[in-house]
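Those protein sequences? They're chains A and B, same order as listed.
Heads up: the first sequence begins at 104 in the numbering used here, then just goes up one per residue.
Heads up: the second sequence begins at 104 in the numbering used here, then just goes up one per residue.
C-beta: ideal position from N, C-alpha, C; glycine also.
Since the structure is predicted, the reported quantities are computational estimates derived from the model, not experimental observations.
See structure below.
Protein chains: 2
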Amino acid sequence: MERISNKTVKVGIVGLGYVGLPLAIAFAKSEVTVIGFEKDERKSNAINIGKSYISDIDDDDILRIVKVSKKLSATTDFTAIQECDVVIICVPTPLNKFKEPDLSYIENACIDIGRNMKPGTFISLESTTFPTTTENYIRPIIERESGMILDKDFWLCFSPERIDPGNKTFKTENTPKVLGGLGEEAKNIARGLYGLAIQHLYPVSSPRVAEMVKILENTYRLINISLINELALLAGRMNIDIWEVIDAAATKPYGFQAFYPGPGIGGHCIPLDPFYLEYIAKIYNFDLSMIHTAGAINNLMPYRIMTKISFALNRHKKSLNGSNILFLGIAYKPDINDARESPALLVIEQVERKGAVVHYHDPYIQEVMSENGKRYTSVELSEDIITNADCVVITTNHTCFDIPFIVEKAKLIVDTRNAIKNISIENKTIFKL
Amino acid sequence: MERISNKTVKVGIVGLGYVGLPLAIAFAKSEVTVIGFEKDERKSNAINIGKSYISDIDDDDILRIVKVSKKLSATTDFTAIQECDVVIICVPTPLNKFKEPDLSYIENACIDIGRNMKPGTFISLESTTFPTTTENYIRPIIERESGMILDKDFWLCFSPERIDPGNKTFKTENTPKVLGGLGEEAKNIARGLYGLAIQHLYPVSSPRVAEMVKILENTYRLINISLINELALLAGRMNIDIWEVIDAAATKPYGFQAFYPGPGIGGHCIPLDPFYLEYIAKIYNFDLSMIHTAGAINNLMPYRIMTKISFALNRHKKSLNGSNILFLGIAYKPDINDARESPALLVIEQVERKGAVVHYHDPYIQEVMSENGKRYTSVELSEDIITNADCVVITTNHTCFDIPFIVEKAKLIVDTRNAIKNISIENKTIFKL
């Protein structure tokens with residue numbers, strides 16, 4: 104606590120990705136010394152020469168704290184954990200092929216930490232996971248690997264990350280942070296520590312409450328995106344423009360939040376987090392029917408988009424098989440360079456399996472690999488590439504897309520994002536979701 | 104249009120309930136002459152002597168426009184429709200016993216209007232119903248009964264009501280109003296007419312879009328209440344206080360809106376509207392799985408609350424059978440006098456069937472009838488009535504309830520509304536949802 108109050112505390116951050124790097128920068132900017140532990144050598148080297156690999160972060164931000172103030176350094180060597188008073192875990196928590204939680208990154212981080220940490224270390228987990236992970240999964244691994252005892256030799260906390268890539272208003276520093284310390288001492292340390300870098304703190308009674316908070320936030324999004332996707336499909340059949348409906352509903356000044364349909368859910372949070380909860384619920388003999396139903400809708404969306412493309416081509420007496428299809432946008436949301444869990448890729452895979460010739464253009468993503476290992480490279484968005492396509496599919500509404508130009512040149516468009524706002528449902532050449 | 108612009112237009116409003124009466128007052132306050140058509144003689148008489156039967160409306164409001172400005176009068180005589188330039192339909196749209204739309208109130212209103220209206224009448228429907236009702240259900244009835252022709256002799260519009268009982272900020276006048284005129288002329292008239300009384304108008308392209316808007320708004324609420332009810336039940340098993348989780352999640356400054364669990368959904372909108380959509384979707388061979396799942400969760404909630412009461416009594420080695428149970432609050436939400444579709448009533452019916460002796464107290468609802476026709480009368484909330492109850496169940500969190508007093512006197516409490524905020528999940532005498 105003393106080292107926290109005089110800012111001589113040394114913070115280790117395990118994992119310098121979308122969560123860890125902004126957090127490391129937030130602490131370093133607050134004049135706290137940060138060591139970033141990152142097993143991917145390309146990333147740790149990039150940091151040490153002041154190069155960013157995340158679209159929300161400028162090289163300048165990194166240069167200033169790495170080269171000028173020298174508050175941040177990155178390493179692949181986990182023995183340096185022993186120099187740290189605090190270790191914050193920001194590693195991925197994906198699903199495996201069977202859509203079950205894959206805690207192996209957390210497990211490996213805990214082993215590395217347990218084997219190297221000094222007594223008196225405060226450990227905080229930021230990776231999204233199901234309630235009880237900190238108490239029942241992290242704690243035993245750390246105790247086993249370190250031989251130390253909770254609340255005597257080390258402290259534990261769960262504090263969910265709330266990074267929203269592309270959000271210009273809310274960054275790490277000014278987004279309220281939920282803190283779930285395990286025990287009173289951990290709660291006090293958590294408050295002191297995070298208070299150095301983050302403006303608004305919101306302590307809760309336990310790690311499991313904090314774990315549930317994050318899952319509630321993202322389950323809320325999953326459920327609402329699924330609902331609107333389902334309603335979009337019905338609206339299409341009823342000749343109702345769902346985008347017009349949403350904009351009108353959004354004029355209600357209370358009790359409504361607008362969500363928009365699309366080719367499916369993407370990113371590292373919404374497609375995964377709710378299924379962490381569904382998994383642990385089974386241990387409590389509890390079926391989460393809302394999450395299950397929402398998941399089913401979203402799993403089907405890429406196939407429904409494929410069907411829409413196929414019926415659009417049908418209007419021109421063409422089949423998917425042999426058609427030339429150009430996808431615009433691979434990122435899972437506008438104006439970012441992240442293609443994780445992007446539904447566009449799933450649509451591409453499916454139409455390719457049906458025999459279509461596929462290209463994509465995304466100004467932020469030069470290259471991408473599908474789940475079955477095939478590599479795709481972004482093409483330039485020339486007039487030729489548009490006019491040659493039998494169908495152009497708008498899968499991400501990057502603001503830089505020149506929509507009037509695309510509409511003018513394309514033979515046929517399937518617009519899954521309402522990028523073309525001034526037409527309703529469909530006309531001769533445009534099909535909207 | 105001329106009579107609209109010089110405010111000599113005469114507006115008829117069919118149905119002076121929670122929607123029609125505030126709307127009638129809004130027009131009358133704008134110096135438009137309004138005739139209210141209300142088949143319930145007690146209501147039309149009440150209006151004519153300046154008495155309100157809705158908690159959001161004062162007697163004074165009615166007195167001023169009925170007795171002073173004389174802009175509003177009520178009648179049970181539908182032949183006076185012939186005096187009106189405009190008729191607005193604000194009748195109930197309930198579900199029948201099989202949870203199918205019951206459009207009989209709309210049908211009867213349309214017959215009354217069709218038989219009595221003069222050429223040049225503008226008809227607007229505000230009752231929530233499934234998309235296509237205005238075009239495919241109202242129009243043929245009016246044309247058949249009147250012998251007149253749409254767009255030549257009369258005009259149609261759907262404009263969803265957005266009344267939120269108990270809302271102190273948003274009233275009829277200052278809540279943006281969606282207008283779905285059928286055809287260009289109807290759109291222009293709708294804008295002119297509603298503009299007399301309502302500040303913000305939002306015209307959409309068709310009645311079916313406007314019909315869908317209202318259902319989207321309320322389906323959004325149904326889905327999110329169902330989700331949080333399901334998560335509340337899981338959280339209980341995991342020893343997580345869902346109320347604490349929701350408050351923490353609500354600190355997220357974007358992308359989250361808080362909903363709270365309870366004994367089920369109530370009121371005239373959320374339990375009904377989504378099932379109107381589910382009904383029409385079947386005609387399009389479309390299953391709305393999210394609404395269906397949400398409906399199933401909410402149908403079960405009263406039974407789950409009964410189980411919770413039973414297990415609370417079990418802690419005191421008592422059975423439901425023969426226990427004395429006091430319910431606090433019958434209204435479906437705090438501080439209003441409306442018990443329509445109130446889940447409290449469903450819980451009461453169930454515990455009574457299991458042999459419990461039931462009383463209720465609600466300062467706003469003196470008497471209430473259950474679905475099977477049994478009548479209940481509110482008891483005074485005396486110390487005796489609380490101490491004599493084997494279990495007190497908080498079903499509505501009216502702000503006037505003296506919670507510390509109730510906690511002090513009650514043997515056992517089941518709190519379905521987080522009225523008792525400072526305890527987590529449960530203690531010896533308090534059980535929270």
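Nonlocal neighbours in the same chain, by C-beta distance under 8 angstroms from Asp-205 (chain A), ignoring five residues either side
Take Asp-205 (chain A), set aside five residues on each side of it, and the residues of its chain with a beta-carbon closer than 8 angstroms to its own are Thr-196, Pro-197, Leu-198 and Asn-199, in chain order.
- prompt: Touch check for the segment 170–185 of chain A and the segment 137–154 of chain A: three-plus C-beta pairs under 8 angstroms?
  reply: Contact annotation: the segment 170–185 of chain A touches the segment 137–154 of chain A, with at least three C-beta pairs closer than 8 angstroms.
*asked:* Please identify, using Cβ separations under 7 angstroms, the residues of the segment 367–389 of chain A that lie next to chain B, in order along the chain.
replied: Answer in chain order: Ala-384, Tyr-387 and Phe-389.
Whole-number beta carbon distance between Phe-430 (chain B) and Val-548 (chain B), since they are thought to touch under 8 angstroms:
Chain B is shown from 104 up to 536; residue 548 (chain B) falls before or after that span and cannot be answered.
Which residues mark the beginning and the end of the beta strand (DSSP E) in which Ser-176 (chain B) is found? DSSP places Ser-176 (chain B) inside the beta strand (DSSP E), whose first and last residues are 175–178.
Listing by chain order, which chain B residues have their CB less than 8 angstroms from the CB of Lys-355 (chain A)? Those are Arg-265, Thr-278, Pro-279 and Glu-320, listed as they occur along chain B.
> To the nearest angstrom, how far is it from the Cα of Ala-321 (chain B) to the Cα of Thr-231 (chain B)?
Replying inline: In the sequence as displayed, the identity of residue 321 (chain B) is Asn instead of Ala. Cα-Cα distance, rounded: 10 angstroms.
Practice task
Answer yes or no: do Asp-390 (chain A) and Ala-384 (chain A) have a C-beta to C-beta separation smaller than 8 angstroms?
Solution key: Yes; because the gap between Cβ atoms is below 8 angstroms, this pair is in contact.
For this session: Can you grab the Cα-Cα spacing for the pair Ser-249 (chain A) / Tyr-305 (chain A), in whole Å?
Result: Those two C-alpha atoms are separated by around 30 angstroms.
- Task: Check each candidate in B:Ile-216, B:Ala-131 and B:Val-112 and name the one with the smallest Cα separation from Lys-174 (chain B).
- Result: The option with the nearest alpha carbon to Lys-174 (chain B) is B:Ala-131.
Open item on the list: Would you say Thr-498 (chain A) lies against chain B (beta-carbon separation less than 8 angstroms)?
Closed with: By this cut-off, Thr-498 (chain A) is not an interface position.
*Element boundaries [alpha helix (DSSP H), containing Met-409 (chain B)]*: That run of the alpha helix (DSSP H) goes 392–418.
- prompt: Val-482 (chain A) by DSSP, collapsed to three states: which one?
  reply: Here Val-482 (chain A) carries a coil assignment [DSSP, helix/strand/coil].
Who are the near neighbours of Leu-448 (chain A) in its chain, counting only those whose CB is closer than 6 angstroms to its CB and skipping five residues on each side? For Leu-448 (chain A), where only same-chain residues beyond five positions count, the Cβ hits under 6 angstroms are Ser-473.
Item checked: Inter-residue Cα distance where the pair is Ala-129 (chain B) and Asn-401 (chain B) -> Ala-129 (chain B) and Asn-401 (chain B): Cα-Cα distance of roughly 35 angstroms.
Quick check: the Cα distance between Leu-515 (chain B) and Ala-338 (chain B), rounded to an integer number of angstroms? Cα-Cα distance, rounded: 21 angstroms.
Item to complete: Could you have a look at Ile-266 (chain B) and say whether DSSP puts it in helix, strand or coil?
Response: Coil, per DSSP.
Discussion item. Distance cutoff 8 angstroms, beta carbons only. Does Val-312 (chain B) sit that close to anything in chain A?
Written reply: Between Val-312 (chain B) and chain A, the shortest Cβ-Cβ separation is below 8 angstroms.
### Query
Using a beta-carbon distance below 8 angstroms, is Val-541 (chain B) in contact with chain A?
Residue 541 (chain B) is absent from the structure shown; chain B starts at 104 and stops at 536.
### Task
Have a look at Arg-106 (chain B) and Asp-267 (chain B) and give me their C-alpha separation to the nearest angstrom.
One C-alpha to the other measures close to 31 angstroms.
* Asked: Tell me which same chain residues have a C-beta within less than 6 angstroms of the C-beta of Ser-426 (chain B), skipping the five on either side of it?
  -> Leu-416, Ala-459 and Asp-493, listed in sequence order.
### Task
Taking the CB atoms as reference points, tell me whether Gly-365 (chain B) and Ser-445 (chain B) lie closer together than 8 angstroms.
Result no, Cβ atoms of Gly-365 (chain B) and Ser-445 (chain B) do not sit closer than 8 angstroms.
Hey, is Asp-518 (chain B)'s beta-carbon within less than 8 angstroms of any beta-carbon in chain A?
-> No - not a single Cβ of chain A is within 8 angstroms of the one on Asp-518 (chain B).
- [ ] Return the CA-CA distance between Asn-151 (chain B) and Leu-119 (chain B), expressed in angstroms with no decimal places.
- [x] For Asn-151 (chain B) and Leu-119 (chain B), the distance between alpha carbons rounds to 12 angstroms.
| request: Could you run through the segment 391–412 of chain A and flag, in chain order, every residue whose CB is less than 9 angstroms away from some CB of chain B? | output: Residues Leu-391, Ser-392, Met-393, Ile-394, His-395, Thr-396, Ala-397, Ala-399 and Ile-400.
Discussion item. Let's test the definition: count the other Cβ atoms within 10 Å of the Cβ of Pro-405 (chain B) and tell me whether it reaches 16, buried, or not, exposed.
Written reply: Pro-405 (chain B) counts as buried, since at least 16 other C-beta atoms from the protein chains shown sit within 10 angstroms of its C-beta.
Checking 8 angstroms against the spacing of the C-beta atoms, do Leu-124 (chain A) and Ile-157 (chain A) come in under that value? Yes, the Cβ-Cβ distance between Leu-124 (chain A) and Ile-157 (chain A) is below 8 angstroms.
Margin query: Closer than 9 angstroms between beta carbons: that is the criterion. Which residues of the segment 436–457 of chain B meet it against chain A?
Written below: Of all residues in the segment 436–457 of chain B, none comes within less than 9 angstroms of chain A when Cβ atoms are compared.
Query raised in the report: Taking any Cβ of chain B, which residues in the segment 243–264 of chain A have a Cβ under 7 angstroms from it, in chain order?
Result: Shown here is that no member of the segment 243–264 of chain A has a Cβ falling below 7 angstroms from a Cβ of chain B.
Considering just the uninterrupted stretch of the beta strand (DSSP E) at Asp-518 (chain B), what are its terminal residues?
Element bounds for Asp-518 (chain B): 516–518.
Leaving aside the five residues before and after Ala-513 (chain A) along the sequence, list all residues of the same chain whose C-beta is less than 6 angstroms from its C-beta, in chain order.
Excluding the 5 residues flanking it on each side, Ala-513 (chain A) has same chain C-beta neighbours closer than 6 angstroms at Ile-489 and Val-495, in chain order.
Could you spell out where the alpha helix (DSSP H) holding Pro-446 (chain A) opens and where it closes? Looking at the DSSP string, the run of the alpha helix (DSSP H) that includes Pro-446 (chain A) is 446–456.
* To do: Can you check DSSP and say which residues form a bridge with Gly-284 (chain A)?
  => Looking at the DSSP assignment, Gly-284 (chain A) forms a beta bridge with A:Cys-260.
Check: Short check: CB of Ile-326 (chain B) to CB of Asp-376 (chain B), under 8 angstroms?
Finding: Going by C-beta atoms, Ile-326 (chain B) is not nearer than 8 angstroms to Asp-376 (chain B).
Check: Which bits of chain B does Gly-269 (chain A) rub up against, with CB to CB less than 7 angstroms?
Finding: Simply none; closest approach about 11 angstroms.
DSSP bridge partner residues for Pro-279 (chain B) (one or two, in chain order): Listed as beta-bridge partners of Pro-279 (chain B) by DSSP are no residues whatsoever.
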